[in-house]
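So the structure is just underneath, and the comments pick up after that.
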Amino acid sequence: MNQQSFAKALKAFQDAAARLNQGIALLSLGRVDEAKEFLEEAVKRDPADPHAWYNLGLLYKNTSNAQAAVDAFRRVTEIDPNDADTWYFLGSAYSLTRQYPQAIDAFQHAIKLNPLHASAEFGLSRAYQQSGDVAHAREHLQRFQYITQNKLGSPIGLAYGEQGKYSLAEESPAAMEKVASTIPVRFVAVNETAGLMAKATSRTDQDVAAFFGPGACFLDYDGDGKLDIFVSDNGKEGGITLYHNRGNGSFEDVTRQAGLDPSFHAVGCTAGDYDNDGATDLAVTATNRIMLLHNEKNGKFKDVAEAAGIKGEGLNISPTFVDYDHDGDLDLFITQYSSHPYFDPRRRGIQQDGQIQVPELNRLWRNNGNGSFTDQSEVTGLSVRVPTIGAIGSDYNNDRAVDLLVTGPYKVATLFENPREGRFKAKIACNGPDGTTVGVAVLDFNHDGWMDVAFTQTVAPGLSLWRNQAGKKFEAVPLPKINWVRGWGVAAIDYDNDGWIDLVAVGETADGKGEVRLFRNLGPDGFQDVTTDLGLDKIVLKDPRSIITGDYDGDGATDLLITQNHGPAVLLRNEGGNKNHWLRLVLKGLNDNRSAIGTKVEVFAGTNRQKFEIAGSSGYLGQNSTFINVGLGQAKEADVVRMLWPTGVVQDEIEVAGMREQAYNEIDRRGSSCATLFVWDGQRYELVSDMLGAGVVGHWVGPGQRNIPRPTEYVKIDRSTIREKNGKLSFRLMEPMEEVVYLDQVRLFAVDHPSDYEVYPNEYFASNPPYPPFKVVASRNPRPPAGAWDDHGHDVLADLQAQRYVGDFELLPFKGFTKLHSLELDLGEPYRGGPLRLLLHGEIEYFTATGMYAADQAGIQAIAPYVEALDAKGKWIRVIDDMGFPAGLPRTMIADLSGRLPQGTQRIRISTNLQIYWDSILIDRTDQMVNARLTPVPLENADLMFHGYPRQIEAQPPGNVKYKYEEVSRTGPYARQSGTYTRYGDVHSLLTDFDDRLVVFGSGEEVALEFDPHSLPAVPKNWTRDYFFLANGYEKDMDFYTAEGATVEPLPFRNMGTYPYPGKSFPLDDKHLDYLLNFNTRQMSGNEPQGYWYDYSQRK
6 MNQQSFAKAL
16 KAFQDAAARL
26 NQGIALLSLG
36 RVDEAKEFLE
46 EAVKRDPADP
56 HAWYNLGLLY
66 KNTSNAQAAV
76 DAFRRVTEID
86 PNDADTWYFL
96 GSAYSLTRQY
106 PQAIDAFQHA
116 IKLNPLHASA
126 EFGLSRAYQQ
136 SGDVAHAREH
146 LQRFQYITQN
156 KLGSPIGLAY
166 GEQGKYSLAE
176 ESPAAMEKVA
186 STIPVRFVAV
196 NETAGLMAKA
206 TSRTDQDVAA
216 FFGPGACFLD
226 YDGDGKLDIF
236 VSDNGKEGGI
246 TLYHNRGNGS
256 FEDVTRQAGL
266 DPSFHAVGCT
276 AGDYDNDGAT
286 DLAVTATNRI
296 MLLHNEKNGK
306 FKDVAEAAGI
316 KGEGLNISPT
326 FVDYDHDGDL
336 DLFITQYSSH
346 PYFDPRRRGI
356 QQDGQIQVPE
366 LNRLWRNNGN
376 GSFTDQSEVT
386 GLSVRVPTIG
396 AIGSDYNNDR
406 AVDLLVTGPY
416 KVATLFENPR
426 EGRFKAKIAC
436 NGPDGTTVGV
446 AVLDFNHDGW
456 MDVAFTQTVA
466 PGLSLWRNQA
476 GKKFEAVPLP
486 KINWVRGWGV
496 AAIDYDNDGW
506 IDLVAVGETA
516 DGKGEVRLFR
526 NLGPDGFQDV
536 TTDLGLDKIV
546 LKDPRSIITG
556 DYDGDGATDL
566 LITQNHGPAV
576 LLRNEGGNKN
586 HWLRLVLKGL
596 NDNRSAIGTK
606 VEVFAGTNRQ
616 KFEIAGSSGY
626 LGQNSTFINV
636 GLGQAKEADV
646 VRMLWPTGVV
656 QDEIEVAGMR
666 EQAYNEIDRR
676 GSSCATLFVW
686 DGQRYELVSD
696 MLGAGVVGHW
706 VGPGQRNIPR
716 PTEYVKIDRS
726 TIREKNGKLS
736 FRLMEPMEEV
746 VYLDQVRLFA
756 VDHPSDYEVY
766 PNEYFASNPP
776 YPPFKVVASR
786 NPRPPAGAWD
796 DHGHDVLADL
806 QAQRYVGDFE
816 LLPFKGFTKL
826 HSLELDLGEP
836 YRGGPLRLLL
846 HGEIEYFTAT
856 GMYAADQAGI
866 QAIAPYVEAL
876 DAKGKWIRVI
886 DDMGFPAGLP
896 RTMIADLSGR
906 LPQGTQRIRI
916 STNLQIYWDS
926 ILIDRTDQMV
936 NARLTPVPLE
946 NADLMFHGYP
956 RQIEAQPPGN
966 VKYKYEEVSR
976 TGPYARQSGT
986 YTRYGDVHSL
996 LTDFDDRLVV
1006 FGSGEEVALE
1016 FDPHSLPAVP
1026 KNWTRDYFFL
1036 ANGYEKDMDF
1046 YTAEGATVEP
1056 LPFRNMGTYP
1066 YPGKSFPLDD
1076 KHLDYLLNFN
1086 TRQMSGNEPQ
1096 GYWYDYSQRK
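To convert, note that position 289 of the sequence shown is 294 in the working numbering; the numbers rise steadily by one, no gaps.
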């Protein structure tokens, strides 16, 4: 049972009369009364069943029946005294009944059983604090923080599977996922009919690299939706060959037409759209050469490796496209072998021991996003003194950063763990397999959501499978016995579409015979060798090498292509695999690479959950089709298809019909928005603006550099937009997207001023300190400029006067960046001193941390708006380096030019390379002699709650998002940071002072704020009243390059400087200890059941 299938599991449990499991499923669905009936019945039927008592205890605890929860968990400890989670929940139940000594004893018992039990440490800290023992409370809170921040243990969560082993449904033969009965399937060699015949070759000049090859790729190079084939050697004319799929089961050799040399002998290949132009390119390896074949979109390829800066020295083996830095474009990783005689596989085999000094091998070519690549092998730690053979990208530990698995000698497969920034960490992938590893494939064969790994190797049995133990280690999995002395290529394939991924590989027996073996996945019953049943034992192979998968004829059954070292590639058509239902997924990135390489895909169909990763190589010399063939068994549709794109976008498609191809483009989803403020206008809550954009923490601004946040922001509430609601001024501050908000203080000021003036807070987003000090800017009779021109010379004055956004500038492929652009203004009269301010109304399409990272690779840095003055000699002189910009959605910002312009200046110019849109600019020369009256409006109520996701309306220009507060979906395409949030309910006491006691809330949540205006003084005659809303706080998004972006912790605070803050710590005095233990008690793992789609059919 998994979090997507409670309802379907419930039906299965009913059918099986599994009453206990039915109660657990009902409890997971929130149907408490029904669950109680089934669970109480279960304990009567079997009083010794710990599952029944445990889940009954959870139910009592969650319905505030604390003493009953104590009794239930005590029964579990009597049945099994060695389960730490039970003791933790017993302690929690005692705490609810205020029996603190008993709670302390229970928590200590849990910690004795599991010294890294984070939740028990937190519960113990609270129990000590409630008992008045502050010293021990602080000690155990610090222990809790150490465990969680160092990822030594995870707190108990709310998601199914995160509340202890006894919270899980009991596995029974009736409830377990079943593998469908076998169906008749045959694989048939179709080289002749498909037109893939080629003359056998026997090259006498083979070098070491050529011995490993050739490889092959399934790709759609011409965008017609059909899989074409590229082979790197032994093709139609002896060398590389591109075969065009005619669509009738046959292929045409188009090598020469494509501008390729059919006599060129290569080793490996991979396919992907490296420049995101919509056409699939190729990377091809050979000795002392790497070809980067750019798809010219006219049927031809052009080798641009030299122009791109890619060098090819060495024995290049397997190429892999991988977006290792998650910046939206494909980088290129090349494995390299050694020419040292010690490693010659032809002479001694390639099982080696000892250490031989060889040059640094492997190359990682970083895509700079501008057509060039830079060698990052040494910087990333991927260049090693060990020959390597195969490679594949996979997020083995589910931390959203793609890692690399690399095969080679020394009996060790190396796992390079991605640190997001800096050097990869080399780890031993498995304790085994024996022999040099050659090929590698990743697959989730047991449906647990973790990618397992299969290797081929150079000693018997030649093939091994390793189960991923939650990203901590790999455990060997038994496979049927085979008599190989050497394995080569390996691939994952659901050959019969039963919804369970099978395993296929090629290797050699002791007598030199080449074989292909296919092991059928029987789920909990292991694997079965079905090679003979499928007719694969009849396939004659000589020196097989690479094996790749793809449905070349589009019939829903996955086919195979096998390359041979001294012969043509062998195409094997799958006949019969489409008798079970299937679904083909064709994905295309938008902000990610167009090939969708690195995307993780989960498919839920009934109780079956499958997971796939789109890899940039087959793991050995080639590339499988990036189209995903999903077996559905007898299910007619997938309930949910979930995509996690490399840059972090989560996308759900629901009720996806099977037996057809479904194409999905990455949604144009905004991941971050800053907290968003709404005000009651008399009829509804209307959007004011977003806030705390300058308070972002952990934002990447340069190599090894993070931003300095400014936590304070004022926003004007115009008098025309605010009305009382039940005698109060009512606001909602919410997070509509994918950020965690740390709200420290809110205040509302009534700003009274003469009616012939307008007032504004002195606000703008400054890139660095000093930040703008607060003051009220009063304006009277501001004037538009006498002239306004963009940098193309276009007159845009009429646009600014009509509040039409000016935006005729070229966007760069990096979020929020443009070509440098300018706006020239005529001030109307020469500047002679005195006050001069610009009132600029506009908005920004924010740059992201990933956008800044990618731009930096291309040599582009953010240029904040700067101001130049045209002097008497016609020369532009810079007068302000950082004018600032509007901090998000449309608003007015102030640029004070007083005393900063040379005398006589009449023309100024504002320049930037940020995506900023102005729709009004006024020139104000008001003398600031007006004393506006500021009066605080008392905060009456503040409550934290879940609201959901208000409907977004994308207005113009880009970035101008509007919301309909009342039209709300309870789900949305957003993930959630894991960690400790503020509990729901009254948070008034946390928001009255700027004191580092933060209201911590996340995606879809809001703080409801009510201010009492009854004590405000009367507005003087000929005056009027506006309001300024103040928020002090921070926000953090889940961008790949945000520091600690996946977690709530560490909490920010006023004196931290940059974030994170090594060497500093969050305050832990008595006041903050009380805050942390009594307010921040809501543990979220980020895995709580939810859908990642909008559904506005259910109104709140």
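Backbone N, C-alpha and C fix where the C-beta goes; we use that ideal spot for every residue, glycine too.
Same chain, Cβ closer than 8 Å to residue i, five either side skipped, listed in chain order
| i | result |
| --- | --- |
| D1100 | S974, R975 and T976 |
| K641 | H586, A662, G663 and M664 |
| P178 | At P178 the pLDDT is 45, less than 50, meaning the model places this residue with poor confidence and gives no usable figure here. |
| T379 | G314, W370, R371, N373 and Q862 |
| A680 | D695, M696, L697, L738, M739, E740, E744, V746, L748, A1036, G1038 and E1040 |
| K170 | D88 and D90 |
| G540 | R191, F192 and V193 |
| K432 | T419, L420, F421 and E422 |
| V966 | R675, S678, L894, Q957, I958, E959 and A960 |
Within 8 Å, strictly: CB atoms of residue i and residue j
| i | j | result |
| --- | --- | --- |
| E718 | E768 | yes |
| S399 | L366 | no |
| N436 | W455 | no |
| S925 | H826 | no |
| L919 | F822 | yes |
| L944 | T997 | yes |
| K721 | D1031 | yes |
| F754 | V942 | yes |
| L297 | D308 | yes |
| N1117 | I553 | This structure gives no information on residue 1117, because the portion of the chain shown stretches from 6 to 1105. |
| V655 | Y1097 | yes |
Own chain residues within Cβ distance below 7 Å of residue i, not counting five before or after
| i | result |
| --- | --- |
| G1091 | A980, R981, Q982 and S983 |
| G492 | V443, G444, T461, Q462, G467, L468, A510 and G512 |
| D1001 | D749, F1058, R1059, P1072 and H1077 |
| R353 | Confidence is the limiting factor: at R353 the pLDDT is only 43, short of 50, which leaves the residue's position unreliable and the question unanswerable from this model. |
| D686 | T726, I727 and R728 |
Own chain, CB closer than 6 Å to residue i, minus 5 neighbours either side, in chain order
| i | result |
| --- | --- |
| A859 | D332, G374 and F819 |
| W1115 | Absent from the structure is residue 1115, since the part of the chain shown begins at 6 and ends at 1105. |
| I116 | H122 and A125 |
| F632 | R589 and V591 |
| E1093 | L163 and A164 |
Per DSSP, cross-strand counterpart(s) of residue i
| i | result |
| --- | --- |
| V973 | P955 |
| D308 | L298 |
| V195 | The partner list for V195 (beta bridge, DSSP) is empty, contrary to what the question assumes. |
| L738 | L682 and V1012 |
| A1127 | For residue 1127 there is no data in the structure shown, the boundaries of the chain being 6 and 1105. |
Exercise for review: Entirely within the stretch 25 to 86 and at least 3 residues each: give me those beta strand (DSSP E) ranges in chain order.
Suggested key: none
Practice item. Would you be able to state if there are at least three C-beta pairs under 8 Å between the stretch 720 to 738 and the stretch 1049 to 1057? Key: no
Check your understanding: Which runs of the alpha helix (DSSP H), 4 residues or longer, sit entirely within the stretch 806 to 860?
Key -> none
Exercise for review: Report the residue ranges of all beta strand (DSSP E) runs contained in full by the stretch 397 to 464; include only those spanning at least 3 residues, in chain order.
Suggested key: 408 to 411, 419 to 422, 430 to 433, 442 to 448 and 457 to 462
Review point. Quick check: the stretch 939 to 953 against the stretch 877 to 895, are there 3 or more CB pairs under 8 Å?
Key: no
Point to revise | beta strand (DSSP E) runs contained entirely in the stretch 505 to 553, provided each spans 3 or more residues | key: 507 to 514, 519 to 526 and 532 to 534
**Study point:** Segments of 3+ residues assigned as beta strand (DSSP E) that fall wholly inside the stretch 1011 to 1089
**Key:** 1028 to 1042 and 1087 to 1089
Review point. Can you find at least 3 beta carbon pairs, one from the stretch 790 to 810 and one from the stretch 864 to 872, that sit closer than 8 Å?
Key: no
Review point. When the Cβ atoms of the stretch 237 to 245 are set against those of the stretch 214 to 223, are three or more pairs found closer than 8 Å?
Key: yes
Check your understanding: Is the stretch 622 to 634 touching the stretch 673 to 691, taking contact as three or more C-beta pairs under 8 Å?
Key -> no
Check your understanding: Quick one: any contact between the stretch 152 to 163 and the stretch 529 to 544, if contact means 3 or more CB pairs under 8 Å?
Key -> no
**Study point:** 3 or more residues per run - each beta strand (DSSP E) lying fully within the stretch 635 to 659
**Key:** 642 to 649
**Study point:** Whole beta strand (DSSP E) elements within the stretch 241 to 289, 3-residue minimum
**Key:** 246 to 250, 256 to 258 and 274 to 277
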